[in-house]
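Inspection log for the structure reproduced underneath, given as structure tokens.
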Amino acid sequence: MRHPAGNRLAGLATVLFAVAAAWTPARGDAVSSDGRIHVTYWDKWISGYEGNAIESTVAAFNGSQDRIVVDYFVTSQIDRKTIIATAGGVPPDVAGLWAQNVSTFADAEALTPLDGFIRDDGMSNGEWLARYYPIFAAICQHSGHVYAGISTPACMALYWNKTLFREAGLDPDRPPRTLAEFNEDCRRLTKRDPRSGRLVQVGFLPQEPGWWPWAFCDWFGGSLFDGHSVTFATDPRNVDAMRWVRSFTTENGLDDVKTFSSYFGQFASPTAPFFTGKIAMVFQGVWYDGYIAQYKPGLDYGVGPWPEAVPGVGDFATAEADILTIPRGARNPRAAWEFIKYVNSSNPRARTRAELQGAELLDFLQEKLSPLRVWSPYFEQHHPNPNIGMFRRLAASPHIVCIPDMGIWWEYYRETISTLDKVRLLEATPEDALRYSQTRLDQSWARYLLSLRRHGQTLDPTQIAMP
Amino acid sequence: MNRIEWRRFRAGIAFTGLWIVGLGAFTAWPVVASLYYSFCDYSILKSPVWSGLENYRELIHDDLFWKSLRNTLFYAGLSVPLGTVVALSLALLLNCEVRGRSLFRLFFYLPSIVPMVASAMLWLWIFNGQYGLLNWVLAPILAPFGLHPPAWLADPLWAKPALVIMSLWGVGNAMVIYLAGLQDVPRELYEAAAIDGATGWRRFWHVTLPLLAPVIYFNIIMALISSLQIFTQAYIMSEAANGNGTVSDGNPARSTLFYTIYLFTVAFYDLRMGYASAMAYVLFVITVALTWLATRIARRRMLNLD
Numbered sequence: 001m002r003h004p005a006g007n008r009l010a011g012l013a014t015v016l017f018a019v020a021a022a023w024t025p026a027r028g029d030a031v032s033s034d035g036r037i038h039v040t041y042w043d044k045w046i047s048g049y050e051g052n053a054i055e056s057t058v059a060a061f062n063g064s065q066d067r068i069v070v071d072y073f074v075t076s077q078i079d080r081k082t083i084i085a086t087a088g089g090v091p092p093d094v095a096g097l098w099a100q101n102v103s104t105f106a107d108a109e110a111l112t113p114l115d116g117f118i119r120d121d122g123m124s125n126g127e128w129l130a131r132y133y134p135i136f137a138a139i140c141q142h143s144g145h146v147y148a149g150i151s152t153p154a155c156m157a158l159y160w161n162k163t164l165f166r167e168a169g170l171d172p173d174r175p176p177r178t179l180a181e182f183n184e185d186c187r188r189l190t191k192r193d194p195r196s197g198r199l200v201q202v203g204f205l206p207q208e209p210g211w212w213p214w215a216f217c218d219w220f221g222g223s224l225f226d227g228h229s230v231t232f233a234t235d236p237r238n239v240d241a242m243r244w245v246r247s248f249t250t251e252n253g254l255d256d257v258k259t260f261s262s263y264f265g266q267f268a269s270p271t272a273p274f275f276t277g278k279i280a281m282v283f284q285g286v287w288y289d290g291y292i293a294q295y296k297p298g299l300d301y302g303v304g305p306w307p308e309a310v311p312g313v314g315d316f317a318t319a320e321a322d323i324l325t326i327p328r329g330a331r332n333p334r335a336a337w338e339f340i341k342y343v344n345s346s347n348p349r350a351r352t353r354a355e356l357q358g359a360e361l362l363d364f365l366q367e368k369l370s371p372l373r374v375w376s377p378y379f380e381q382h383h384p385n386p387n388i389g390m391f392r393r394l395a396a397s398p399h400i401v402c403i404p405d406m407g408i409w410w411e412y413y414r415e416t417i418s419t420l421d422k423v424r425l426l427e428a429t430p431e432d433a434l435r436y437s438q439t440r441l442d443q444s445w446a447r448y449l450l451s452l453r454r455h456g457q458t459l460d461p462t463q464i465a466m467p
Numbered sequence: 001m002n003r004i005e006w007r008r009f010r011a012g013i014a015f016t017g018l019w020i021v022g023l024g025a026f027t028a029w030p031v032v033a034s035l036y037y038s039f040c041d042y043s044i045l046k047s048p049v050w051s052g053l054e055n056y057r058e059l060i061h062d063d064l065f066w067k068s069l070r071n072t073l074f075y076a077g078l079s080v081p082l083g084t085v086v087a088l089s090l091a092l093l094l095n096c097e098v099r100g101r102s103l104f105r106l107f108f109y110l111p112s113i114v115p116m117v118a119s120a121m122l123w124l125w126i127f128n129g130q131y132g133l134l135n136w137v138l139a140p141i142l143a144p145f146g147l148h149p150p151a152w153l154a155d156p157l158w159a160k161p162a163l164v165i166m167s168l169w170g171v172g173n174a175m176v177i178y179l180a181g182l183q184d185v186p187r188e189l190y191e192a193a194a195i196d197g198a199t200g201w202r203r204f205w206h207v208t209l210p211l212l213a214p215v216i217y218f219n220i221i222m223a224l225i226s227s228l229q230i231f232t233q234a235y236i237m238s239e240a241a242n243g244n245g246t247v248s249d250g251n252p253a254r255s256t257l258f259y260t261i262y263l264f265t266v267a268f269y270d271l272r273m274g275y276a277s278a279m280a281y282v283l284f285v286i287t288v289a290l291t292w293l294a295t296r297i298a299r300r301r302m303l304n305l306d
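Top line first, the protein sequences correspond to chains A and B. Residues in the first sequence are numbered consecutively from 1, following our numbering. Residues in the second sequence are numbered consecutively from 1, following our numbering.
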């Protein structure tokens, strides 16, 4: 006969064991009561045609097989919520982040490398990545590993307002092809109010929309990072780029530019300066056609590559992407990979809308380009974006660039914003502004590498992802 | 402890137990843990590595730390006294016996309950350099002197003063507290002062102000603490007014890079939780020091008034 206290102890141990078992994360994918694996997918697309596109793609995946169900949850501030959920041990199975999160999150050990899944599917990393345009293959990698698949890729191009070109006596069908032509067109497109003398229209302003302040350095042939160290101030072509940025203020007048550009209006609204005719040329992404159709239907505009800032370097463009990742600790990593694989594959023989799959289905509905080299006949010939051919050409261009593969990118990005601000507001010379940021970034990069070493991590410069 | 006290104690614990657990788990523990993390190289997902005073040493040499602190103190130094004067003045005016007093009180209080994001969007247009309401008023006033109104949020020199002006929009809360304080001032004292020949100003200075001093002290402390933590309006407006929509860097040219914005970007973009924890503790010390200073000044002032 057992002692009552012993019975109580055994009971308590059983309860504790049950509680512990319930809290221990499952090793394999968890099959739900309906016999299917439910994959939790967080992404940022709220509504409109971009939101509908991701919902349709998820529905297409769910309908394509009977093992996995992807449950899509719209999540704002996706990067911050993903990192917090991952730290809390309850991350989504798939997180739709941005390209600029890859290296920081990977170094923070927040992401699951996809190498093992690719290998299990009978491919090497090289074979998997060779399916993408090189620029998008570079975005998926960090430190020699594949950490992401692409959900929606984007290239940035020059958008110009043909009506304003016509009014200024310029050929509306011939965008500027060189930097000199671009600068000259800007001058001709700048207008002032005859009574007050205030600016009412400009050809271009570097701070609109201000999302890629770093891109001007690359455009001028400069570089931001050489794989070992920061080259923001040490590359003389970056100084040239910032001098060019400064010229827009010196030519138009500091006070006039400040007043003219003070709160142009929301990007996704009819008040955006390109839509109101305040700015004649902007660099914008492949998505812009859709926004023009929504907020300024009937706008007579053209789309072309960035003018040549460096002679002989044509078809320059910048690329970025929304990505799909599997956070560390995801409950259903294998099923999550199946979904990522679906979104990063296509049916190259699709001849009807119904035959579109994966990447092509999503990007067709979002009116963007496919990150994959091979496009199906239907995707290529019936794409809703009238300029998709030009964006495809830019994606394949040897001169397309993206952000550098480095874990301090967010800090670097803020420094590029600050540098551009200081230069355009004449608060510092281009040389001084760049030098200030270079000093900060040198310290940050050294500290970052020290932190990695402290945690037993190393960065191999030969593994820096380059397109 | 006798049986009755013991029973009461248990009942008290039963009623407050959940709150105590919540406070301990979600407030007290993070506060203690962040003190430890402030001495670590810590990025949320990796184990914290002890780095001693490294984060604090780095703060001393961090230009942006000092810049964000200067920006914050500038804002607090202007918004707290200005807000106090405006809130107190409004309370005094709305304490007068005028027709529709309740309606006026309602109108002046309403802005303080408008959500911060909605207010920020509204003020973005008010501060618009070209089409803004404020410059529409200022332009004809300044024109005879050959001056133009500033571009406000697009101008590094005027972006912080713009946020100070906007902060006056939310003085309704303080105004209501002052109004409550004014109701407690005994009428006999005013009557006695009037009999002694005291004018309106003297009555205010020698009767109202001394009796309102504890309320003023309370409001100043609350305003000081909240102004040192300014975040939402600066975060929204600096981004919206100057582009760069993906991350706030206190645009333009870091003129609105306030302490909490810098702390937020370091923590949630750079994932440097150890450094951000150190920043949080420095802000805590600064807040305590300024509160202590305000308390000392207030006590001396109250003694003088007595």
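Backbone N, C-alpha and C fix where the C-beta goes; we use that ideal spot for every residue, glycine too.
Against chain A, with Cβ distances strictly below 9 angstroms, would residue i count as a contact?
i: B:F268; result: yes
i: B:D155; result: yes
i: B:L73; result: no
i: B:A234; result: no
i: B:N2; result: no
i: B:T265; result: yes
i: B:A289; result: no
What's the gap between the Cα of residue i and the Cα of residue j?
i: A:F105; j: A:W160; result: 37 angstroms
i: A:H383; j: A:E367; result: 7 angstroms
i: A:F260; j: A:S196; result: 13 angstroms
i: B:G129; j: A:Q438; result: 33 angstroms
i: A:G314; j: A:P430; result: 26 angstroms
i: B:L224; j: A:S262; result: 30 angstroms
i: A:D468; j: B:V86; result: Since the first residue of chain A shown is 1 and the last is 467, residue 468 of chain A is not available in this structure.
i: B:V122; j: B:Q233; result: Residue 122 of chain B is actually Leu in this sequence, not Val. Their backbone Cα atoms lie some 11 angstroms apart in a straight line.
i: B:T16; j: A:V31; result: 40 angstroms
i: A:I388; j: A:P398; result: 18 angstroms
Name, in chain order, the residues that DSSP records as bridge partners for residue i.
i: A:C155; result: A:A319
i: A:A95; result: A:W42, A:T325
i: A:N161; result: A:Y301
i: A:T178; result: A:E308
i: A:F73; result: A:W42
i: A:V401; result: A:T318
i: A:Y132; result: A:L372
i: A:Q141; result: A:V146
i: A:L111; result: A:P327
When we look at the beta-carbon of residue i and count the other beta-carbons within 10 Å, is it buried (16 or more) or exposed?
i: A:Q77; result: exposed
i: A:Q381; result: exposed
i: A:P206; result: buried
i: B:M116; result: exposed
i: A:R392; result: buried
i: B:W66; result: exposed
i: A:Q65; result: exposed
i: A:Q357; result: buried
i: A:Y132; result: buried
Beta-carbon of residue i versus every beta-carbon of chain B: anything under 9 angstroms?
i: A:A330; result: no
i: A:T104; result: yes
i: A:E55; result: no
i: A:Q366; result: no
i: A:W42; result: no
i: A:K191; result: no
i: A:S376; result: no
i: A:L425; result: yes
i: A:W23; result: Residue confidence for A:W23 is low, a pLDDT of 43 falling below 50, so the modelled location carries little weight and cannot support an answer.
i: A:Y342; result: no
i: A:Q266; result: yes
Determine the extent of the beta strand (DSSP E) in which residue i is found, giving its start and end residues.
i: A:Q284; result: 281 to 285
Along the chain, where does the alpha helix (DSSP H) that runs through residue i open and close?
i: A:L481; result: Beyond the ends of chain A as shown, which are 1 and 467, falls residue 481 of chain A; an answer cannot be given.
i: A:V423; result: 409 to 424
i: B:A25; result: It is not in any alpha helix (DSSP H) - B:A25 carries neither H nor E in the DSSP assignment.
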